[in-house]
Amino acid sequence: MKILIKNKDINEALKKVSNLGFVPTMGSLHKGHEYLIKQSKKKCNQTLVSIFINPTQFNNKKDYLSYPKNLKKDLNILKKLKVNFVYIPNKKDIYSFKRKKSIVLKKENKVLCAKFRRGHFEGVIDVMDRLTNIIKPNKIFMGEKDYQQLLLVKKFIEKKYKTKIISCKTIREKNKLALSSRNQLLSKADLIKASKIAKELFNFKIFLRNNKKTKIHLQKKIELLKTNFDIRIDYLEIRKKNNLKPSLNIRNSKLFIAYFINKVRLIDNF
Ligand code: AMP
């Protein structure tokens, strides 16, 4: 496994690689990341994983500073998975040039997390553009756990590059909680709470399949979750799978939630 830090190391190392799979991460790796890496290894000749906590996608400095870091453990996981390259760039190299055209989300895309985390996706798209330009992968593997991110990045990257974005299912604990690096910031009791919320929403999705008056049920569910679990909810909404337009029919749509347990913000979709 080769560890690459500088952009020129990348050029040298990847010169002769064809069909390269790329898995971008912010580190603190878990079974969700491992799944993406395994998919890349299956579908590509070689796999590169990046670890970079991108400052521009955090709309809150405290959140950026408290983001979990476990580089030693991450490298052990990647070695075991027999990843070919790990790219650990520094901020200076990634942001060495100013973009010509700034990234602006269309009004119709300013929903869900784009509405509640201003500037977040602009930062994500910017860094994915820079990473894709440096690495020039054939395929990028991304998780449905961050569904809105997946759709926005796919649209931008596939329009500008030959690179394909491959979407991968959400990996969950047995208790239904979606794996996330941020779970490390939760206490045991809070982890149990988050798992109960996930179970509740799985059941709610089934309920919605068989019931009308979706709007009223959604409103009731928001109130119930708030009182039963003492959480702050940014949104609980049903939106179409392909374009995230509002929907009242769960059949071609997904249920999206973003909520806080104490100061930790969690997102999921069902
Ligand atoms: P992150 O390190 O949180 O920026 O995530 C890096 C990639 O892993 C993104 O494409 C995420 O969507 C994906 N990912 C995060 N959690 C999961 C999960 N539980 N299952 C599948 N993919 C995930």
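According to the numbering used here, the sequence shown is numbered sequentially starting from 7. Where is the CB? At the ideal position from N, CA and C, for every residue including glycine.
Item	Value
Beta-bridge pairing of Arg-245 - partner residues as DSSP gives them	Pro-252, Lys-260
Heavy atom of the ligand AMP within 7 Å of Ile-177 beta-carbon	yes
Residue ranges of each beta strand (DSSP E) within the region 99–178, 3 or longer	145–149, 170–174
Residues near Glu-179 by beta carbon distance below 8 Å, same chain, minus five either side	Leu-185, Ser-201
Where Tyr-41 falls: helix, strand or coil (DSSP)	helix
Cβ distance (whole Å) where Lys-211 is taken to contact Leu-261 below 8 Å	5 Å
Beta-carbon spacing of Ala-264, Ile-256 below 8 Å	no
Cys-7: CB within 7 Å of a non-hydrogen atom of the ligand AMP	The residue you asked about is not Cys; residue 7 is Met in the sequence shown. No, the Cβ of Met-7 stays beyond 7 Å of every heavy atom of the ligand AMP.
Cβ contact (3+ pairs, closer than 8 Å) linking the region 71–87 and the region 147–164	no
Cβ-based neighbour list, Leu-224, same chain, cut-off 8 Å, excluding 5 preceding and 5 following	Leu-242, Glu-243, Ile-244
Rounded Cβ spacing between Val-117 and Gln-63 (contact assumed at less than 8 Å)	No, Val-117 and Gln-63 are not in contact; Cβ-Cβ is about 17 Å, not under 8 Å.
Under the three-state DSSP convention, the category Asp-240 falls into	strand
Residue span of the beta strand (DSSP E) that contains Gln-225, given as start and end	Taken as a continuous stretch (DSSP letters only), Gln-225 belongs to no beta strand (DSSP E), being part of the alpha helix (DSSP H) at 220–235.
For Ile-11, the three-state DSSP class (helix, strand or coil)	coil
The ligand AMP heavy atom lying under 7 Å from the CB of Arg-69	Sequence check: residue 69 is Asp here, not Arg. No, the ligand AMP has no heavy atom inside 7 Å of this Cβ.
Spatially closest choice to Lys-194 from Lys-160, Cys-119, Ile-267, by CA coordinates	Ile-267
Status (buried if at least 16 other CB within 10 Å, exposed otherwise) for Asn-258	exposed
Integer-rounded CB distance, given that Ser-46 should sit under 8 Å from Val-23	Not quite, the Cβ-Cβ distance comes to about 13 Å (not below 8 Å), so this is no contact.
Residue closest to Leu-231, alpha-carbon to alpha-carbon, out of Glu-164, Ala-204, Glu-40	Ala-204
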